[in-house]
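Single-structure report; data block below.
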Amino acid sequence: MLSIKLIGNSKQEVGYYSDLGEDYYVAGGEPTGIWWGEGAKQLGLTGTVQASAFRSILEGKSADGQKALVQNAGKASRRAAFDLTFSVPKSVSIARATADDKLASQIDQACDAASKKAFEAVQELCGIARRGKAGKLNEPAQLVAAVFRHETARGLKDNVPDPNLHYHMVLCNVAVREDGTTGTFDA
Numbered sequence: 008m009l010s011i012k013l014i015g016n017s018k019q020e021v022g023y024y025s026d027l028g029e030d031y032y033v034a035g036g037e038p039t040g041i042w043w044g045e046g047a048k049q050l051g052l053t054g055t056v057q058a059s060a061f062r063s064i065l066e067g068k069s070a071d072g073q074k075a076l077v078q079n080a081g082k083a084s085r086r087a088a089f090d091l092t093f094s095v096p097k098s099v100s101i102a103r104a105t106a107d108d109k110l111a112s113q114i115d116q117a118c119d120a121a122s123k124k125a126f127e128a129v130q131e132l133c134g135i136a137r138r139g140k141a142g143k144l145n146e147p148a149q150l151v152a153a154v155f156r157h158e159t160a161r162g163l164k165d166n167v168p169d170p171n172l173h174y175h176m177v178l179c180n181v182a183v184r185e186d187g188t189t190g191t192f193d194a
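Structure below.
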């Protein structure tokens, strides 16, 4: 199942994902987030997601925060990203949580492979950047995302784990065009 949450560029929303949400999205006992997409690679974003670089990219700036990657970088009216959450069926989450190590590993491999296919579809369907006045021109582009794999739901009641295997693909509103320039993708 896919659910989508729009992420605005207010300090509160960006802060949730890069600071307040750091315990969940960056350092919360779940596997560490990784950068995904050819656009991320072209911007030098590889490996583990670091909170400061994540915040800068969400704001439409380079990882070090020094260069604007989009025309409206840092403006509160800007859409920072989309949180695409891909959830496996509850029965799979429960099976994984109760499985022995071998079966859990096989379930992980199958779910990881399925999520990669889904992410490839996102690139294929959404890999278009805007250019020109009011973004009227569209052209192919490579996307930038931070992917976080989580095994439980947040907000655990009475500290009882709730198996919920899901992947957050935080699709940043920055894309790298074929000529190497950057801009927003066509949402």
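Be aware that the sequence shown starts at 8, since it is given in my numbering, and climbs by one per residue.
All residues carry an ideal CB built from backbone N, CA and C; glycine is no exception.
Look up residue i in the DSSP assignment and say whether it is helix, strand or coil.
i, result
"residue 158", "strand"
"residue 45", "helix"
"residue 145", "strand"
"residue 194", "coil"
"residue 153", "strand"
"residue 80", "coil"
What is the C-beta distance between residue i and residue j, in whole angstroms, given that I count them as a contact (C-beta under 8 Å)?
i, j, result
"residue 68", "residue 75", "6 Å"
"residue 170", "residue 100", "4 Å"
"residue 144", "residue 92", "About 31 Å; that fails the 8 Å criterion."
"residue 44", "residue 149", "6 Å"
"residue 11", "residue 126", "Wrong, their Cβ atoms sit about 14 Å apart, outside the cutoff."
"residue 154", "residue 54", "So it is not a contact: roughly 12 Å between Cβ atoms."
Skipping 5 residues on each side, what residues in its chain have a beta carbon closer than 7 Å to that of residue i?
i, result
"residue 25", "58, 61, 62 and 65"
"residue 72", "63"
"residue 147", "134, 135 and 185"
Apart from the five residues just before and just after residue i, which ones in its own chain have a Cβ nearer than 6 Å to its Cβ?
i, result
"residue 47", "151"
"residue 16", "83, 85 and 87"
Mind checking which residues open and close the alpha helix (DSSP H) that includes residue i?
i, result
"residue 53", "No alpha helix (DSSP H) holds residue 53; DSSP gives it neither H nor E."
"residue 103", "97-105"
"residue 72", "Per DSSP, residue 72 belongs to no alpha helix (DSSP H) and is neither H nor E."
"residue 109", "108-133"
"residue 18", "18-22"
What residue does the beta strand (DSSP E) around residue i start on, and which one ends it?
i, result
"residue 181", "170-184"
"residue 139", "It is not in any beta strand (DSSP E) - residue 139 carries neither H nor E in the DSSP assignment."
"residue 93", "86-94"
"residue 12", "9-15"
Skipping 5 residues on each side, what residues in its chain have a beta carbon closer than 8 Å to that of residue i?
i, result
"residue 119", "156"
"residue 27", "With a pLDDT of 43 at residue 27, under the threshold of 50, the modelled position of this residue cannot be trusted, and the question is left open."
"residue 50", "64, 69, 70, 76, 151, 181, 183 and 189"
**Request:** Give a yes or no on contact between the region 124-137 and the region 97-105, applying the rule of three or more CB pairs nearer than 8 Å.
**Result:** no
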